[in-house]
Every structure is written in structure tokens, then in C-alpha cells.
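>
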Amino acid sequence: MQAEEVKERIKNDGVRASFVALSVFFQILWFIWMGLHVGQYNHAFNGVITVASWILALHVYSRYMNSAYKLSWIILILFMPVLGISMYIMFGSQMSHVWIRKHPKTHAITSRGFLPENYSVQERLKTEDLAMANQTRYIQRTVGYPVYQNTDVVYHNDTSIALEDIKAELRKAKDFIFMEYHAIEDSVSWAGIEEVLTEKAAAGVDVRVLYDDVGSIFYISTPFARRLQSKGIQCRAFNRISPLLNGFMNNRDHRKITVVDGVVGFTGGYNLADRYFNIDSPYGYWKDTGLKLTGDAVKSLTAIFLEMWNTTQKQKEDQKRYFPVIAYRAKEDGYVQPYSDTPLDYEKVGENVYLNLIKNAKRYVYITTPYLLIDDEMHSELTLAAQRGVDVRIVTPGIPDKKLVYRATRSYYARLIACGVRIYEYTPGFMHAKQFVSDDEVAIVGTINLDFRSLYLHFENGCWFYNCKAVHDVKADFEHLFKVSEEVTSRYKGKRSLTLRLGECILRLLSPMM
25 MQAEEVKERI KNDGVRASFV ALSVFFQILW FIWMGLHVGQ YNHAFNGVIT
75 VASWILALHV YSRYMNSAYK LSWIILILFM PVLGISMYIM FGSQMSHVWI
125 RKHPKTHAIT SRGFLPENYS VQERLKTEDL AMANQTRYIQ RTVGYPVYQN
175 TDVVYHNDTS IALEDIKAEL RKAKDFIFME YHAIEDSVSW AGIEEVLTEK
225 AAAGVDVRVL YDDVGSIFYI STPFARRLQS KGIQCRAFNR ISPLLNGFMN
275 NRDHRKITVV DGVVGFTGGY NLADRYFNID SPYGYWKDTG LKLTGDAVKS
325 LTAIFLEMWN TTQKQKEDQK RYFPVIAYRA KEDGYVQPYS DTPLDYEKVG
375 ENVYLNLIKN AKRYVYITTP YLLIDDEMHS ELTLAAQRGV DVRIVTPGIP
425 DKKLVYRATR SYYARLIACG VRIYEYTPGF MHAKQFVSDD EVAIVGTINL
475 DFRSLYLHFE NGCWFYNCKA VHDVKADFEH LFKVSEEVTS RYKGKRSLTL
525 RLGECILRLL SPMM
């Protein structure tokens with residue numbers, strides 16, 4: 025593949041992205057113009073809009089939704105009624121989700137039918153730790169993913185190792201390969217993967233690649249998908265961007281999953297683009313992490329992939345072959361529970377799993393996140409844990425990828441630090457890993473950031489694991505991170521200027537929209 029061809033395709037998709045952005049921008053301007061001018065010439069219209077804005081604001085207040093979102097919507101609706109009402113109908117009311125909400129649920133029931141609840145595993149865990157068993161029961165009841173044993177977990181603290189491990193397992197594939205990523209870049213890191221996928225597709229392996237259209241917009245374009253199709257690789261884009269305003273464009277596929285033959289699976293924070301493997305990172309050293317699962321728990325990763333893949337097709341297929349009975353026998357007897365989260369329901373599984381882990385912590389909770397834009401519930405659990413004596417530490421980037429979001433992240437430091445939370449910034453570069461570890465017992469690694477987009481708007485996935493060697497490996501990685509990061513706790517103690525506090529308030533108010 026010639027570098028000039030790759031650059032040309034990326035340029036072309038950059039034009040497409042720019043056209044969509046300009047189209048959306050002018051549509052928003054039109055709504056603002058309507059609000060400013062129509063009311064001046066039609067007082068009856070102005071009165072109707074004023075009444076409607078107050079009724080809608082009361083409706084938003086009564087809804088079962090995050091309080092930070094409520095406040096942001098109410099302010100927009102009351103201060104800019106025409107724009108606020110129009111934007112809420114498109115982005116806040118979930119009216120645009122009707123089709124997509126029905127579509128994946130049908131297929132979710134089909135795929136999750138191959139994931140029966142593991143009652144015997146639940147009972148064993150219950151005898152070991154009731155709090156952990158309750159956590160797994162919550163995930164099972166809300167999103168249908170069971171807890172497993174007979175699964176070995178390998179923690180990758182270095183994404184270059186993870187990349188080589190993925191390619192090694194892809195070479196062993198005999199039946200199917202599923203890959204779902206928010207961003208795929210047609211460059212160095214992908215070239216080695218595509219070579220293996222091409223060989224496997226030629227050998228009759230069912231190879232499928234799914235990417236998010238927005239996440240990959242500056243990396244790949246339609247010719248990329250056509251090239252893979254010509255090689256026998258099924259390739260599809262999730263939720264292609266449109267120049268017309270609609271709420272579902274705000275809900276992106278942020279998941280990262282590879283499944284090989286239903287036996288081996290990978291997930292974590294990294295996409296399949298060069299910066300994630302430090303081949304070409306503009307933000308210093310790019311720190312990311314992931315997991316390799318081998319055994320029964322991979323079934324859930326298969327179901328998560330199929331659930332999203334099936335939203336891109338009308339016809340149904342027999343999915344039984346993708347859930348084989350495997351003969352693998354794990355070396356460990358720990359507990360593993362992969363799970364997913366969706367913005368199409370009212371259950372915020374990603375956040376609730378994090379909250380439960382913090383609530384159950386006895387000695388320590390260590391967290392890494394690229395963005396720290398949290399709601400009142402998360403703030404309360406973090407500060408309550410610190411105040412009851414738990415060692416709560418959060419590691420954020422030292423070099424930001426988005427400066428405005430970085431400033432918003434820092435605006436949350438002072439309130440957390442005042443209650444005993446310790447904050448570190450990863451000085452070698454950008455911290456992209458999303459992970460929790462607690463008490464040398466339990467950890468979570470996945471795609472879910474501590475920001476409103478991940479917790480409320482995106483399709484995400486994570487993996488909870490307990491009493492595995494990988495938990496200690498995650499803890500060891502944190503101990504290394506603390507040594508190379510700068511603790512900024514002392515900087516955010518004490519009084520701050522009124523101007524600074526006002527700026528932080530504005531940033532926190534805007535956080536749900538970032």
C-alpha cells in the first residue's frame with residue numbers, strides 16, 4: 025500500500041468529515057437565528073415557545089436521568105428556547121433511537137440465549153465473598169452476561185506486546201475471527217493484522233471487522249472496506265455519519281474486542297491505530313492496557329460483538345456455531361465476567377459496576393482514566409471511600425490530547441482532593457488506560473472512561489475479574505505508574521481565586537456536552 029494512496033484516502037474522508045461538520049454547524053446556526061428573529065416579529069409564537077420551554081424544562085427535571093445532564097439541558101432550554109427545544113428533541117429525548125433500540129434488542133436476545141446463568145459458579149463465589157457475588161449478580165440481571173470460571177486472564181501492560189499476542193492468536197484461527205474497534209488506522213499496526221486476516225479468509229475462516237465511522241473517520245474510508253471485502257473479509261462501519269442532525273450520531277461504538285474461534289478474546293483501552301502502540305504518538309508515551317482471555321468467558325465477548333454486528337444487517341443468521349463447547353481447561357480458578365453497556369436503556373451499567381467496586385473497597389482503590397468528568401454519584405463514592413480510610417488514587421494524563429477536556433478534568437481535582445483523594449498525572453505522556461484495581465482482589469479493565477460520553481452516550485465494554493493473578497499484575501503496573509507520575513495533590517489544596525473557581529464551575533457545567 026503506497027503512503028500517497030493512504031494519505032489521499034484519509035484526505036478524502038477528512039473532506040467528508042468537514043462537510044458533515046459544516047452542515048451540522050449551519051443547522052445549529054439556523055436554529056439560533058430562528059430563536060432570535062422569529063420571536064421578534066411574532067409575539068404569539070414567542071409566547072408559545074416560552075410556555076413550551078418551561079413545560080419541557082419541568083419534564084426534563086422529572087426524568088430519570090443524571091442530574092448534571094438535567095442541569096445542562098434545563099439551562100439551554102430556558103435561556104435559548106428554540107435551540108434548546110430543537111436540540112433536546114434530537115439529542116436528549118432519545119426519539120431518534122427508536123429504530124436502533126428495537127433492532128439490536130432482537131439480536132441481543134438471540135445471542136444472549138447462548139449465555140445461560142452459571143448458578144454453580146455464582147454459588148461458589150457467594151461462599152467466598154458475598155459482596156463480589158452481588159456484583160456479578162447485578163451484571164447478570166441487568167445485561168445478561170454471566171460470571172465464569174475456567175478462564176485464564178493475561179494482563180497486557182504494554183500494547184506492543186498485546187499487538188503481537190493478537191497476531192499470534194489470529195494465525196491459529198480455524199473457524200472465525202471477530203474484530204470490533206472504535207478506531208482502525210490503515211497504517212503500520214494494521215498492516216500486520218490485515219496480512220494475517222487475508223491468509224485466514226483465503227483458508228475459509230469467517231473473518232469480520234467492525235469499526236465506528238466517527239472514530240475512524242481520519243484513519244480509513246470506504247475504499248478500505250472495499251479492499252477488505254475483495255480479500256474475503258467482511259467489513260462494516262457502525263452508525264455512519266450524516267450531514268443531517270440526529271441524536272443517534274452522538275452514540276458511538278467505543279468498544280474494543282477481538283475474538284478467535286470463541287476460545288481466545290482480547291479487550292482493553294487500545295484501538296488498532298499506530299499511536300496506541302507508540303509507533304507514531306504525538307502526545308509523548310501513549311500508555312494503554314488490555315486483557316487476553318482464554319476459556320469460557322470469551323463467549324460473552326462473542327455475544328457482545330454479534331449484538332453490534334447484527335445492527336448492520338437486516339437478515340438474521342444461525343449463531344449457534346459461534347458458541348462452541350470448548351475443551352479448554354484453565355490453569356486458574358478465578359472469576360471472570362465480561363460485560364457491555366449501551367446508551368439505549370436507562371441502566372448505566374458501566375458506571376454502576378465502578379461505583380460498586382468503590383463502595384466495596386476496604387483498603388485501596390487505584391484508577392486510571394484519560395478524562396475525569398464525573399457526576400455527583402461518582403464524586404460521592406470516591407470521596408466517601410477516601411473519608412472512611414480507603415487509599416483512593418487516580419492517575420490522569422500528563423500530556424493531554426484534548427486541551428479543553430484536560431482543563432475540565434483538572435477542574436474536578438480540588439473537590440476530590442479536599443476529601444482525601446490523591447491525584448497523579450502521568451508525566452511521560454498520555455494516559456489512555458481505563459482500569460480499576462482494589463484490595464489485591466478485584467479489577468476492571470475495559471473501554472469505559474470516567475466521563476459523560478463513556479458512562480452515558482457510548483456503546484462500551486469492560487471485564488470484571490476477581491481472585492486472578494492478573495489482579496496482582498494490574499496492581500504492580502499501578503505501583504510503577506505512581507513512580508513515573510507526578511502527584512499533584514498538594515497543588516490543589518487551599519484557597520483558589522474567585523476567577524479560577526468561576527472558570528471551573530463553567531467547565532463542569534459544560535462537561536456533559538464534551
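All residue numbers for the sequence shown refer to my numbering, where the first residue is 25 and numbers rise by one.
Yeah, the Cβ is synthetic: ideal placement off N, Cα and C, and Gly gets one too.
Since the model is a prediction, treat every value here as computed from it, not as a measurement.
If you measure between the beta carbons of residue 403 and residue 440, is that distance less than 8 Å?
Cβ distance < 8 Å, so residue 403 and residue 440 count as in contact.
> Between the alpha carbons of residue 216 and residue 208, how many angstroms are there, rounded?
13 Å
> Just tell me which of 418, 480 and 469 has its CA closest to the CA of residue 510.
418
> Nearest to residue 435 by CA position, among 515, 219 and 332, is which residue?
515
> Hey, out of 518, 500 and 517, whose CA is closest to residue 180's CA?
Answer by Cα proximity: 500.
> Closest by CA to residue 442, which one among 407, 467 and 427?
407
> With a 10 Å radius around its C-beta and 16 neighbouring C-beta atoms as the bar for buried, classify residue 518 as buried or exposed.
Exposed, because fewer than 16 other Cβ atoms sit within 10 Å of the Cβ of residue 518.
> Helix, strand or coil, according to DSSP, for residue 337 in the structure here?
coil
> Report the three-state DSSP secondary structure of residue 291 (helix, strand or coil).
strand
> Using only alpha-carbon positions, find the residue among 211, 329, 222 and 97 that is nearest to residue 78.
Ranking 211, 329, 222 and 97 by Cα distance to residue 78 puts 97 first.
> Taking the alpha carbon of residue 463 as the point to measure from, which residue in 206, 416, 476 and 474 has its own alpha carbon closest?
416
> In the structure shown, what three-state DSSP assignment does residue 167 receive?
Looking at residue 167 - three-state DSSP - the assignment turns out to be helix.
> State the DSSP-derived secondary structure class of residue 342, mapped to helix, strand or coil.
coil
> Give me the residue from 467, 466, 449 and 474 with the minimum Cα distance to residue 508.
449
> Going by Cα to Cα distance, which pick from 200, 423 and 389 is closest to residue 308?
423
> Distance check for residue 112 and residue 106, CA to CA, integer angstroms please.
10 Å
> Among 325, 264 and 468, which has the Cα closest to the Cα of residue 459?
468
> Buried or exposed, going by whether 16 or more other CB atoms sit within 10 Å of the CB of residue 109?
Buried: at least 16 other Cβ atoms inside 10 Å.
> On the CB-based measure, 16 or more other CB atoms within 10 Å of its CB, does residue 566 come out buried or exposed?
This structure cannot speak to residue 566, because the chain is shown only from 25 to 538.
> Taking the beta strand (DSSP E) that residue 176 belongs to, which residues open and close that run?
175 to 180
> Of the residues 145, 53, 306 and 334, which one's Cα is nearest the Cα of residue 425?
306
> At a cut of 8 Å, does the segment 164 to 179 reach the segment 314 to 327 through at least three beta carbon pairs?
yes
> Is the segment 358 to 367 in contact with the segment 334 to 344, if contact means three or more CB pairs nearer than 8 Å?
no
> Would you give the residue range spanned by the alpha helix (DSSP H) that residue 483 belongs to?
Premise fails: residue 483 is in no alpha helix (DSSP H) and is neither H nor E.
> For residue 238, collect the residues of the same chain with a Cβ closer than 7 Å to its Cβ; drop the 5 residues on either side in sequence, then sort them by chain order.
Excluding residues within five positions, the ones whose Cβ falls inside 7 Å are 265 and 276.
> Looking at C-beta atoms only, is the number of pairs between the segment 377 to 389 and the segment 152 to 161 that lie closer than 8 Å three or more?
The segment 377 to 389, when compared against the segment 152 to 161, does touch it at the 8 Å Cβ threshold.
> Identify every residue that forms a DSSP beta bridge with residue 420.
449
> Looking at residue 194: is its Cβ nearer than 8 Å to the Cβ of residue 221?
Residue 221 is positioned such that its CB atom lies closer than 8 Å to that of residue 194.
> Taking Cβ to Cβ, would you say residue 82 is nearer than 8 Å to residue 101?
Cβ distance not < 8 Å, so residue 82 and residue 101 don't count as in contact.
> DSSP state of residue 127, grouped into three classes?
Low confidence applies here, because residue 127 scores a pLDDT of 49, under 50, leaving its location unreliable; read the following figure in that light. Helix.
> So for residue 493, helix, strand or coil by DSSP?
Assigned with DSSP and collapsed to three states, residue 493 falls in helix.
> Would you kindly work out how many angstroms separate the C-alpha atoms of residue 376 and residue 227, rounded to a whole number?
43 Å
> Starting from residue 204 and walking both ways along the alpha helix (DSSP H), at which residues does that stretch end?
Segment 200 to 205 is the beta strand (DSSP E) holding residue 204; no alpha helix (DSSP H) there.
> CB-CB under 8 Å to residue 131, same chain, minus the five flanking residues each way: which ones, in chain order?
Bear in mind that the predicted position of residue 131 carries a pLDDT of just 46, short of 50, making it unreliable; the figure below should be weighed with that in mind. Cβ neighbours of residue 131 beyond the five flanking positions: 330, 331, 334, 335 and 340.
> Closest to residue 93 by C-alpha separation, out of 479, 492, 310 and 493, would be which residue?
479
> Which residues share a DSSP beta bridge with residue 318?
176 and 288
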